[in-house]
Each structure stands twice: as structure tokens, then as C-alpha cells.
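**Q** The sequence shown begins at 120 in the numbering used here and counts up one residue at a time.
The C-beta atom is built at its ideal place from N, Cα and C for all residues, glycine as well.
Sending over a structure as C-alpha cells; questions will come in a sec.
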Amino acid sequence: MAVHPHPQIPLGFEPGELFTFDSYVAGSNIVAAGLAQQTALNKGEGQLYFWGESGLGKSHLLQASCNLAAKDQQAVCYLTRDEIVGQSVEMFDGLEQLELICLDDIETWLIDESWEVALFNLINRVRENGNRLMMASAHPPEEAFVNLPDLRSRLSWGPVFQLQNLSDREKFQALRFRAKQSGLDLPENVADYLMQRYPRDMFGLFERLATLDKASMAMQRRLTIPLVKSVFGEG
């Protein structure tokens, strides 16, 4: 994957198989997912903004978009709080040269006016260069976490989507697909048990599934409710 050799541009995005559109169970978010896919392939909007509570798939959509664009030989980057906090605003210099920029968790790093101005300017430069920008946040653009009025309006330059929760059946489909990616057989009764006994957001469910995958491999045991109980200290 080619990345423009600007000294301020962070490391490029390495495409992987975990976060893809094939593994994204859209449910009521099918329009948002469809637009993200089109934008990743430079066939849709120039800017998209996704918001909603944790565990609804915002990060999955951004990473799936980067995956798809990178496999299309585009220069892309995906930045989260971990890459941004502690850096200077100059890290955004030159990003507009990339074909797709995905910025996650924006409410966690828009911590002062300098970052708001940096994002405001980046949005303008991306549009001027004809490239694409996707952003995700826990909050809609109009909420008070953004102090700069002009930035608030820029965040809404493209379609804004509030992502919706999945039904239990859709969550089971998502868990089953993730398990299959790991070579793990997830019986329906085990998935039901996980959703009944633990927090039901997808992020938490995926974390527990990853823990069970490691335990199942280490113990050479199939995934069963007794195994779940032993791993998480029940009974």
C-alpha cells in the first residue's frame, strides 16, 4: 500500500481480515454501512460521520472502510485516541494527501482549541484535495463537546448517522461470524448464555469471545457453557 512520503504522515494502515464489511452485521445500520463502503471505493460521499454509544460498530465501520480502500491500492490511515493523544497537532499536516482518512473517538482527543482548529483545517484541506474523511464519535456533531462553532458545522458537511443497536439475533450472527474467523465453533446456547449473563454491547461480547477462544485452545476443549463458567469464575 502506497503512502505519500510526507514526514508528518503517521504509519499507514495494514489491511487485515478481522474488520471487514463481510464481518459487519449491519442490522438497522444498513444504509450507513452501504455509504461507508461506497465512500471507501471513492464512489460515494466525501465525508461521513458516525455516532452512538460504545459497542455499536463505529470502529468496525471505519476499519472496514480502510481495509477495503487499502486493498483497492489506496493510501489510507486510521487514527484513534491512542495514536493522537500526546502528539502535536502537526501530525495532521499532509493527511489530506491520503485518499481516505478515518478518525475514531474524536470526542476523546478534541481536548482543546488547538485540536479543534487542526481538525477544522484538515476537513477543509481534505475537501479541497478531493479526498475522503470518515469520523466516529460517541456524540452528534451539534453537541457541546465541540466548542468551535465553525468546526461543528464542518462535522456535518456530509451525512451524519446515529448507529442503532442490533437485535439479539443479529448479535448472535455477529458473534458466530467472529468465532468462525478464529476457527471457533460457537453453539447457539453458548451465545445465548453470554448475552443473558454479561453486558450485551458488541465490544464487550467480542472481548469475552476472544478470551474464550484462547481458553478453548489452551484447554483443548470445545466451547460449552461449563467452559464459560470456569473461565469467568462462575459456580
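Are there 16 or more other CB atoms within 10 angstroms of the CB of R340, so buried, or fewer, so exposed?
**A** The sequence position of residue 340 within the sequence shown is 221, counting from 1. Taking a 10 Å sphere around the C-beta of R340, we find fewer than 16 other C-beta atoms and assign the residue as exposed.
**Q** Quick one: what's R251 bridged to in DSSP?
**A** Reading the sequence shown from its first residue, position 132 is the one you call residue 251. L219.
**Q** Considering only the alpha carbon of each residue, which of L198, D231, F351, P259 lies closest to E172?
**A** Working through the sequence shown from its first residue, we reach residue 172 at position 53. The residue with the shortest Cα to Cα distance from E172 is P259.
**Q** Between H179 and the rest of its own chain, which residues show a CB-CB distance below 7 Å, the 5 nearest in sequence each way excluded?
**A** Position 60 of the sequence shown holds residue 179. Correct list, in chain order: F138, Y143.
**Q** Opposite Q166 in the DSSP bridges: which residues?
**A** Here residue 166 is taken as the residue at index 47 of the sequence shown, counted from 1. Q166 is bridged to L252.
**Q** Alpha carbon to alpha carbon, what distance is there between M314 and F351?
**A** For the purposes of this step, residue 351 is identified with residue 232 of the sequence shown, where counting begins at 1. For the purposes of this step, residue 314 is identified with residue 195 of the sequence shown, where counting begins at 1. Between the C-alpha atoms of F351 and M314 there is a straight-line separation of about 14 Å.
**Q** For a minimum of 3 consecutive residues, which ranges assigned as the beta strand (DSSP E) are wholly contained in the region 262-343?
**A** 279-281
**Q** Tell me which same chain residues have a C-beta within less than 6 Å of the C-beta of L222, skipping the five on either side of it?
**A** Start at 1 with the first residue of the sequence shown, and residue 222 comes out as number 103. Cβ neighbours of L222 beyond the five flanking positions: L198, M254.
**Q** Straight-line CA distance for M336 to R271?
**A** Residue 336 sits at position 217 when you count from the first residue of the sequence shown. Residue 271 sits at position 152 when you count from the first residue of the sequence shown. For M336 and R271, the distance between alpha carbons rounds to 48 Å.
**Q** Of the choices G205, Q157, D212, whose alpha-carbon is the least far from that of C185?
**A** Taking the sequence shown and counting its residues from 1, one reaches residue 185 at position 66. The option with the nearest alpha carbon to C185 is Q157.
**Q** If we ignore side chains and look at the alpha-carbon of each, how far apart do R295 and A329 end up?
**A** As a working note, residue 295 is residue 176 in the sequence shown. As a working note, residue 329 is residue 210 in the sequence shown. Going from the Cα of R295 to the Cα of A329 covers about 12 Å.
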